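Enquirer: Quick one: the structure is below, and I'll ask about it shortly.
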Amino acid sequence: MEKFIKRHRLLRPGDKVLVAVSGGPDSLALLHLLTRLKEPWRLSLHALHVNHGLRSEAAQDAAFVEAMGRQWGVPVTVATVDVRAERRAGESLQQAARRVRYRVLMETAQAVGARRIALGHQADDQVETVLMRLLRGAGATGLAGMRPRRGPFVRPLLAVARADIEAYCREFQLEPVLDPSNLSPHYLRNRIRHHLLPLLERDYNPNIRAVLSRTAALLREEDDLLEALALRAYRRLTKGREGRQDQPALPVEGLRRLPVPLARRVVRRALRVAGVNISAVTAAHVAAILALLDAGGAVTVPGGVRVR
């Protein structure tokens, strides 16, 4: 993990790091590994456990994380949220939980003065994410998977397999809590994990996980280039234009002259600036917005934002 941290410049010596800890194998191993790097890297660690109020065992999970923090000398904040109450129209419970969790992570990082927020996503999560997005018709950005670093968020375990993390927990006698919902076929990720991936490995390619990871890495490089070009185009199109900052206006002719792949990204960037939850915006939404260039009218995107 230390080599991965250095290669992707996830942390700097002396950093204060907020670690998201659910109590499961991945986040528990991450916290344990970071405590081992604490002295040589002069890290200041703070753990956050988010109680979503969705499971009967939630209070026990929070108490477990607090106990681990005391044992390892890491201060722990437990944030209790009501995901059901904060759920927006059109959001699944999982989407709402993720949105609320990331908001709490950002708020807590600011409160404790953490420069980085460490997440426990690992290599198998990456493969599952790529397959989920492929099945949902994602473009290059989605198929690029999760990034080792995005803003303050870092994923030090992204190159480590789930089996290796489980072996690490056994070696150091860590006893993580297990979420029974991870076995439920109700969730697409679980069906991919327990059924689709084993099928692909057995009948099509025993190295499918490595293949998908490599493909995602290549797409990330190309996505970075397209994003840089789209940012340049967005700045050029919005330069000197009047209006509220949270209501960006794009010139029709300028947008029409862009290659479609860049125009799509410029539209997404404008939606993000307008405060739209971009993860809820589909390719169909973006296509409908671009169709306005010729047909006129208006399109309403998730969150109730109207584009015309």
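Numbering-wise (the working numbering), the sequence shown opens with residue 1340 and increments by one.
Where a beta carbon is used, it is the ideal one built from N, C-alpha and C, also for glycine.
Predicted model, so just to flag it, every value in this text is computed and none were measured.
Can you tell me whether arginine 1501 is helix, strand or coil according to DSSP?
Expert: helix
Enquirer: Fully enclosed by the segment 1353–1420, which alpha helix (DSSP H) runs are 4 residues long or longer?
Expert: Here the runs fully enclosed are 1364–1380 and 1397–1411.
Enquirer: Please look up how many angstroms separate the CB atoms of valine 1605 and tyrosine 1573, rounded, as I've assumed it's under 8 Å.
Expert: 5 Å
Enquirer: Spatial neighbours of aspartate 1562 within its chain, please: C-beta separation below 6 Å, excluding the five flanking residues on both sides.
Expert: Ala1479, Thr1480 and Ala1483
Enquirer: Just mark threonine 1419 as buried or exposed, buried being the case when its beta carbon has 16 or more other beta carbons within 10 Å.
Expert: Around the beta carbon of threonine 1419, fewer than 16 other beta carbons lie within 10 angstroms, which makes this residue exposed.
Enquirer: Where does glutamine 1410 land, buried or exposed, given buried means 16+ other C-beta within 10 angstroms?
Expert: Classified as exposed, glutamine 1410 has fewer than 16 neighbouring CB atoms from the shown chains inside 10 Å of its CB.
Enquirer: Of the residues Ala1556, Cys1508, Leu1557 and Leu1597, which one's Cα is nearest the Cα of arginine 1575?
Expert: Leu1597
Enquirer: Can you give me the start and stop residues for the alpha helix (DSSP H) that leucine 1547 sits inside?
Expert: Checking the sequence, you will find isoleucine at residue 1547 rather than leucine. Looking at the DSSP string, the run of the alpha helix (DSSP H) that includes isoleucine 1547 is 1547–1577.
Enquirer: Can you check whether the CB of leucine 1373 is closer than 8 Å to the CB of valine 1389?
Expert: no
Enquirer: Any contact between the segment 1528–1540 and the segment 1482–1499? By contact I mean 3 or more CB pairs, one from each, below 8 Å.
Expert: Contact between the segment 1528–1540 and the segment 1482–1499 is not established, with fewer than three Cβ pairs separated by less than 8 Å.
Enquirer: Round the Cβ separation of leucine 1470 and leucine 1558 to the nearest angstrom and send it over; I've been treating them as touching at under 8 Å.
Expert: Between leucine 1558 and leucine 1470 the Cβ distance is about 14 Å, and since that is not below 8 Å, they are no contact.
Enquirer: What is the DSSP secondary structure of phenylalanine 1492, reduced to helix, strand or coil?
Expert: strand
Enquirer: How about aspartate 1421 and glycine 1392: do their beta carbons lie closer than 8 Å?
Expert: yes
Enquirer: For glutamate 1430 versus valine 1439, is the C-beta spacing smaller than 8 Å?
Expert: no
Enquirer: Give the secondary structure of alanine 1588 by DSSP, where H, G and I count as helix, E and B as strand, and everything else as coil.
Expert: coil
Enquirer: Count the other CB atoms within 10 Å of the CB of valine 1415; is the residue buried (16 or more) or exposed (fewer)?
Expert: buried
Enquirer: Taking 8 Å as the cut-off, does the segment 1374–1384 touch the segment 1395–1406 (at least 3 CB pairs, one atom from each stretch)?
Expert: The segment 1395–1406 vs the segment 1374–1384: no contact.
Enquirer: List the whole-angstrom C-beta distance separating histidine 1385 from valine 1413, where the pair is believed to meet the contact cut-off of C-beta under 8 Å.
Expert: 7 Å
Enquirer: Any idea what DSSP makes of arginine 1455, helix, strand or coil?
Expert: Residue state, collapsed to three classes: strand.
Enquirer: Relative to the C-alpha of alanine 1556, which candidate in Leu1631, Gly1636, Pro1487 and Gln1449 has its C-alpha closest?
Expert: Comparing Cα-Cα distances from alanine 1556 to each of Leu1631, Gly1636, Pro1487 and Gln1449, the minimum goes to Pro1487.
Enquirer: So who's on the other strand from arginine 1645, going by DSSP bridges?
Expert: Thr1639
Enquirer: From the DSSP output, in three-state form, read off serine 1523 for me.
Expert: coil
Enquirer: Taking the alpha carbon of alanine 1477 as the point to measure from, which residue in Pro1590, Ala1623 and Leu1589 has its own alpha carbon closest?
Expert: Closest option to alanine 1477, Cα to Cα, is Ala1623.
Enquirer: Is the beta carbon of alanine 1500 less than 8 Å from the beta carbon of glutamine 1465?
Expert: Against a cut-off of 8 Å, the Cβ pair of glutamine 1465 and alanine 1500 comes out as no contact.
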